[in-house]
Amino acid sequence: MSTEFRDGPLAWWSDWIPWHRRWRFAPAVRVCMAVDIEQFSRFTHREAVRAQKRLLWMAHRARQHAGIQEGHVVLQRAGDGQLAILPPALDGAAVIPQLQEGIQAALRDTNSELSDHARIRLRVALYQGHVSPGDNGWVGHATTAVHRLLDSTPARQALRDHPPADFVLIVGADIYRDYIRTHPNHIGQNAFHQVNVDTPAKNFTEPAWIYLPTSRQ
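Each residue of the sequence shown is one higher than the one before, counting from 670 in the working numbering.
This is the structure:
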């Protein structure tokens, strides 16, 4: 592909993606899933390499558990984290609880063989909204908001205050309203509590809901 920029929002991918696979990049309402390793900077270089591999495996396993075909997912990787743009038209009421179960199972299996120092703890954020590919990645409020939730003080504080928990899940208002509150038998709306994510420096203020396992299940 030419290194020159082309006009239009599809320049970064349209030259090299086969036509039969371009639906993966079509603008649509999608669930964005962001994950991040807590205190990644504590690891040595070699430990960080292993932690990254474990993160990729756990995120893949969670999506697999939820029945999401990995070939339908678009990934953006960032060292200690990952953004996954999930395929459109998912059955969120079924997929969201299964993602939560998959994350929990993957962490349990991974950490059962690790020392306290090597133990992986994750912040996980889910946000739904209309996104589209731009010149330097995905564009849309959802891709920004999911990282605001992921990096928020409430999410960090929840994990910090509950050492037994392997992860914290924070979800946006649409996810909670459409897939959790209206289908309480799946995860259980009582397992979530509402927080306010307020990041004035980023001009971002929104409600969110947090799920925290009560123990290392």
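No residue lacks a Cβ here, since even glycine has one placed at the ideal position from N, Cα and C.
The structure displayed is predicted, hence computed values, not measured ones.
Exercise. Relative to the C-alpha of Arg817, which residue among Ala763, Gly806 and Val793 is closest?
Worked result: In the sequence shown, counting from the first residue as 1, residue 817 sits at position 148. Nearest C-alpha to Arg817: Val793.
Exercise. Does DSSP put Ser710 in a helix, a strand or coil?
Worked result: Residue mapping note: residue 710 aligns to position 41 of the sequence shown, counting from 1. Shown here, Ser710 sits in a helix according to DSSP, grouped into three states.
For this session: Express the C-alpha separation of Gln708 and Arg693 in angstroms, rounding to a whole number.
Result: To locate residue 693, count along the sequence shown from 1; it is residue 24. To locate residue 708, count along the sequence shown from 1; it is residue 39. The alpha-carbon atoms of Arg693 and Gln708 are separated by roughly 33 Å.
Exercise. So what does DSSP say about Ile856, is it helix, strand or coil?
Worked result: Taking the first residue of the sequence shown as 1, we reach residue 856 at position 187. Here Ile856 sits in coil by DSSP.
For this session: Over the uninterrupted alpha helix (DSSP H) stretch that includes Val742, give me the two end residues.
Result: What you label residue 742 is simply residue 73 of the sequence shown in a count that begins at 1. Per DSSP, Val742 belongs to no alpha helix (DSSP H) and is neither H nor E.
Problem set entry | CB contact flag (Leu838, Ile772, <9 Å) | Walking along the sequence shown from the start, residue 838 turns up at place 169. Walking along the sequence shown from the start, residue 772 turns up at place 103. Result yes, Cβ atoms of Leu838 and Ile772 sit closer than 9 Å.
Problem set entry | Where Arg788 sits in the DSSP three-state scheme | Position 119 of the sequence shown, counted from the first residue, corresponds to residue 788. It is coil, neither helix nor strand.
For this session: Enumerate in chain order the residues of its own chain whose CB-to-CB distance from Tyr848 is below 7 Å, with the five nearest sequence positions on each side excluded.
Result: As a position in the sequence shown, residue 848 is number 179, starting the count at 1. Closer than 7 Å at the Cβ level, and outside the excluded window around Tyr848, lie Gly761, Ala762 and Ile765.
Problem set entry | 7 Å Cβ shell around Arg741 - same chain, five flanking residues per side excluded | As a first step, residue 741 must be located in the sequence shown, where it is residue number 72. In the sequence on display, residue 741 carries His and not Arg. Contacts found: Arg693 and Pro756.
Exercise. So is Pro823 buried or exposed if we call it buried at 16+ other beta carbons inside 10 Å?
Worked result: For the purposes of this step, residue 823 is identified with residue 154 of the sequence shown, where counting begins at 1. Buried: at least 16 other Cβ atoms inside 10 Å.
Exercise. Can you name the start and end residues of the alpha helix (DSSP H) that Ile765 belongs to?
Worked result: Taking the sequence shown and counting its residues from 1, one reaches residue 765 at position 96. From DSSP, the alpha helix (DSSP H) with Ile765 extends over Gly761 to Asn780.
Exercise. Is there a Cβ from chain B that is less than 9 Å from the Cβ of Val742?
Worked result: No chain B appears in the structure shown, which is made up of a single protein chain.
For this session: Starting from Ala870, trace the beta strand (DSSP E) both ways and give me its first and last residue.
Result: Locating residue 870 in the sequence shown gives position 201, counting from the first residue. Ala870 -> no beta strand (DSSP E), and no H or E assigned at all.
For this session: Give the straight-line distance between the Cα atoms of Ala720 and Ile754, rounded to the nearest whole angstrom.
Result: For the purposes of this step, residue 720 is identified with residue 51 of the sequence shown, where counting begins at 1. For the purposes of this step, residue 754 is identified with residue 85 of the sequence shown, where counting begins at 1. Computed Cα separation, rounded: 22 Å.
Exercise. Between the stretch 775-793 and the stretch 721-739, do at least 3 Cβ pairs fall closer than 8 Å?
Worked result: The count of Cβ pairs closer than 8 Å, one atom from the stretch 775-793 and one from the stretch 721-739, reaches three, so the stretches are in contact.
Problem set entry | DSSP three-state assignment for Asp705, whether helix, strand or coil | On the sequence shown, residue 705 is found 36 positions in, with the first residue counted as 1. Of the three classes helix, strand and coil, the one that applies to Asp705 here is strand, per DSSP.
Exercise. From Tyr845, Thr851, Arg850 and Ile856, pick the residue whose C-alpha is nearest to that of Pro876; which is it?
Worked result: On the sequence shown, residue 876 is found 207 positions in, with the first residue counted as 1. Per the Cα distances, Tyr845.
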